[in-house]
Amino acid sequence: MKNKIIILTVFAGLLLSACSDYLDRKPYTQPNNEDFLKTRENVESYINNLYTSLPAPAQYGIGVRGEEVNSDNILSEKYDMRLNGENNQFSGSDDWNKGYKNLRMVNYFFHYYAVSEVDETDEVLSLRGEAYFFRAYWHFYLLTRFGNIPIMDDFWDGNATLGGLQIPATKRADAARFILNDLKAAIGLIPEARANLHSRSKYSGLRVNRETAMILAMRVALYEGSWEKYHKGTDFATEDNSEEFFKEVMNWGDQYLFPVGLTLHMTATNPKATNIDDAFSELFNSNDLSNISEVTFWKKYSIADGVFNTVTQQLSGGVTDNVKPSGLSKSLVDNFLNVDGTPVDPTDEKYKDFNEVFKDRDGRLLAMVMHTGCKFKSNSLMNVRAYDETGTEEEQKEKNKDISSPRLNGDGIYKNVTGFHTRLGIDTTYVTGNCETAHVMFRYAEGLLCYAEAAAELGLYNDGVAEKTLKPLRQRAGVAYVTPAADPHFPFQGLPPAVQEVRRERRSELSLQGFRLDDLMRWRVAGTLKGVEGRGRGAYLGKDGVLYLSFSPTLRKEGLNHVLTDNEGWMDPLKEYLPEGYKFNEDRDYLLPIPPDEIQMDHELNQNPGWPTK
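Numbering-wise (the UniProt record's numbering), the sequence shown opens with residue 1 and increments by one.
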């Protein structure tokens with residue numbers, strides 16, 4: 001197999017066709033005869049095309065960096081409709097179609113695979129392992145959105161009728177078990193599956209590998225375990241197998257992932273690195289992650305090959321969401337600990353000073369959020385200090401030219417509405433033009449967090465668990481480890497201290513990487529975002545604060561007077577858009593609706609709770 005870059009750009013035409021006619025369409029690479037998948041070369045060619053549907057930044061956009069506008073991490077003037085209870089019965093159609101179209105592509109491979117056992121080299125067995133991974137990945141994609149789902153364990157075209165397929169939904173726990181079984185097949189634990197993924201080292205993480213399959217398995221088991229535990233007693237969970245799935249998480253860690261010997265990226269490779277956030281930042285602002293084994297699966301960009309992105313260009317220009325003016329939330333910023341391991345008191349008056357927010361804090365906060373001293377607006381450094389109003393107008397301009405404040409008076413998507421800009425993923429060597437910043441898809445750190453959370457949920461979190469999970473993560477971030485204790489300011493109350501602490505750590509480590517919505521849903525806490533307080537706030541912009549004073553008198557009058565704040569001076573960007581706060585429907589919106597046309601065709605399907613059946 002050639003050690004090549006897998007191009008992961010999504011082809012819109014491939015993904016956006018309706019699911020209702022997907023059985024009538026040929027796979028993207030379908031040959032004209034059934035002998036195509038007999039050689040390693042052709043098998044590799046087919047599998048390579050399965051990579052194109054995986055999420056990664058396209059040429060123009062910020063990809064996953066802006067995805068968490070669907071949560072409490074990013075506030076945008078285009079607020080999330082699901083969180084506000086504005087979804088309709090067709091809101092699940094795109095996700096349903098995308099998931100099942102990709103599953104059909106994978107099952108076509110299994111159905112027509114024709115390599116003889118004699119010719120099944122290690123390379124071919126690894127490619128089959130990749131196919132099992134993709135089938136698990138897309139089933140999990142559907143599970144998180146729809147709950148009980150029809151399992152596509154074969155190429156079902158031959159079973160289709162004029163009325164469509166008649167396949168009942170598999171209950172979610174069994175769907176999760178099916179997914180985990182596919183991942184076991186992928187890493188060679190089921191001999192009859194004739195599959196065995198290579199390790200990360202074979203292709204430096206540029207292809208799906210054993211370690212990545214293990215981490216996905218832990219993600220799946222943790223999701224299902226916590227969903228069934230916290231939704232127990234509602235229409236969203238008819239049974240509670242949480243203990244089984246939490247134990248699965250720990251078993252995948254103890255038996256498979258930990259023995260591999262992966263390590264966290266603890267020390268920055270840049271000899272000039274001096275800050276506590278540098279090692280963490282390198283995971284997201286580097287072009288080449290080949291030698292960082294913590295990143296088990298990633299996408300490489302190459303301008304020379306025509307594969308590039310503009311993530312750094314847009315983030316350093318102030319973009320947080322590609323659609324509307326936006327900004328990171330105060331809630332996210334408040335999540336990060338002090339370097340001594342203690343939680344912050346968000347009501348402390350000192351945090352009205354923009355610069356105090358970042359003083360002696362978790363290095364991951366510094367890596368994720370723009371602050372004084374960061375490279376900002378391409379070549380300048382962010383610098384928030386009081387504007388010196390003495391002297392003539394020309395003298396004032398000269399004395400204050402070093403000030404570079406958040407873009408509260410920007411235009412369009414370059415306008416920031418909270419004072420907190422995204423820093424994560426900005427290449428500090430960037431000057432202008434397109435970028436080659438790598439995209440992380442799976443990391444060892446996630447596996448550590450899954451293990452810690454499962455242990456906490458089982459009441460097994462102790463010093464031994466902390467030693468191999470939270471402690472090294474905190475060490476890299478420059479934060480002292482303190483035995484978990486209840487935090488009265490933590491957003492979700494009534495939890496054991498260990499569960500609370502792991503959830504905090506998860507947000508600190510995985511924010512702006514696409515995890516937050518799934519976490520809110522599986523923990524059944526989206527309802528806590530309802531109301532005026534739940535809609536989120538930004539930085540302090542009161543007239544006595546340094547952020548307000550960093551703007552010239554003219555800009556204060558002409559620019560800042562349009563910025564929305566609450567009665568205490570904190571930026572409140574959704575004040576006019578959501579005057580009563582979010583109105584999340586807790587009896588309906590934890591799952592998306594199954595598309596009505598799918599229910600009409602497949603009479604074995606039942607609609608999800610709270611959604612109309614017709």
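Quick reminder that beta carbons are idealized off the backbone N, C-alpha and C, glycines included.
With a 10 Å radius around the Cβ and a threshold of 16 neighbouring Cβ atoms, aspartate 277 comes out buried. For glutamate 211 and alanine 131, the gap between their C-alpha atoms comes out near 15 Å.
Proline 593 has its alpha-carbon roughly 35 Å from the corresponding atom of isoleucine 190. CA-CA distance, tyrosine 230 to asparagine 70, rounds to 21 Å. CA-CA distance, glutamine 513 to threonine 392, rounds to 47 Å.
Within the stretch 237 to 323, the runs of alpha helix (DSSP H) that reach at least 4 residues and sit entirely inside it are, in chain order, 242 to 251, 278 to 285, 311 to 315.
Apart from sequence neighbours up to five positions away, the residues of its chain that approach glutamate 294 with a beta-carbon distance below 6 Å are Leu264, His265, Arg443, Tyr444, ordered along the chain. Per DSSP, the unbroken beta strand (DSSP E) holding leucine 328 starts and ends at 326 to 328.
7 Å or more divides the Cβ of tyrosine 481 from the Cβ of threonine 469. Three or more pairs of CB atoms, one per stretch, sit closer than 8 Å, so the stretch 170 to 186 contacts the stretch 136 to 147.
Among the bridge pairs identified by DSSP, lysine 375 is matched with Leu381. The closest CA to that of aspartate 122, considering only Asn209, Glu77, Gly581, is found on Asn209. DSSP, read as helix, strand or coil, puts tyrosine 132 in helix.
Leaving aside the five residues that flank leucine 520 on each side, the residues in its chain whose CB is nearer than 7 Å to its CB run, in chain order, Ser71, Ala526. Exposure of glutamate 192 is indicated by the presence of fewer than 16 other C-beta atoms within 10 angstroms of its C-beta.
Secondary structure of tryptophan 523 (DSSP, three-state): coil. Per DSSP, the continuous beta strand (DSSP E) segment holding methionine 441 begins and ends at 439 to 443. Taken through DSSP and simplified to helix, strand or coil, isoleucine 47 comes out as helix.
In the three-state scheme derived from DSSP, where H, G and I count as helix and E and B as strand, tryptophan 156 is classed as helix. In the structure shown, the three-state DSSP call for leucine 408 is coil. Counting only the Cα atoms, threonine 238 lies some 8 Å from glutamate 228. Cβ contact annotation for glutamate 398 (same chain, cutoff 7 Å, sequence separation greater than five): none.
Excluding the 5 residues flanking it on each side, tyrosine 540 has same chain C-beta neighbours closer than 6 Å at Lys352, Gly569, Trp570, in chain order.
Within 10 angstroms of the beta-carbon of methionine 214 lie 16 or more other beta-carbons, which makes it buried. Of the other Cβ atoms in all chains shown, fewer than 16 fall within 10 Å of the Cβ of lysine 350; this residue is therefore exposed. Residue pairing from DSSP places threonine 422 in a beta bridge opposite Val369.
Leucine 75 is bridged by DSSP to Gly327. When the alpha-carbon of isoleucine 403 is set against those of Lys377, Glu446, Tyr113, the nearest one is in Lys377.
Buried is the label assigned to leucine 75, since at least 16 other Cβ atoms lie within 10 Å of its Cβ. In this structure proline 491 touches threonine 528 by the C-beta definition: roughly 6 Å separates them, less than 8 Å.
The bridge partners DSSP lists for cysteine 435 are Asn309. One thing to note: alanine 454 has its Cβ no nearer than 7 Å to the Cβ of alanine 498. By the CB criterion at 7 Å, glycine 318 and tyrosine 414 fall inside the cutoff.
Beta-bridge pairing by DSSP links threonine 565 to Met571. Threonine 52 carries a helical assignment under DSSP once its states are collapsed to helix, strand and coil. In this structure, DSSP gives threonine 528 a helical state, which the three-state scheme calls helix.
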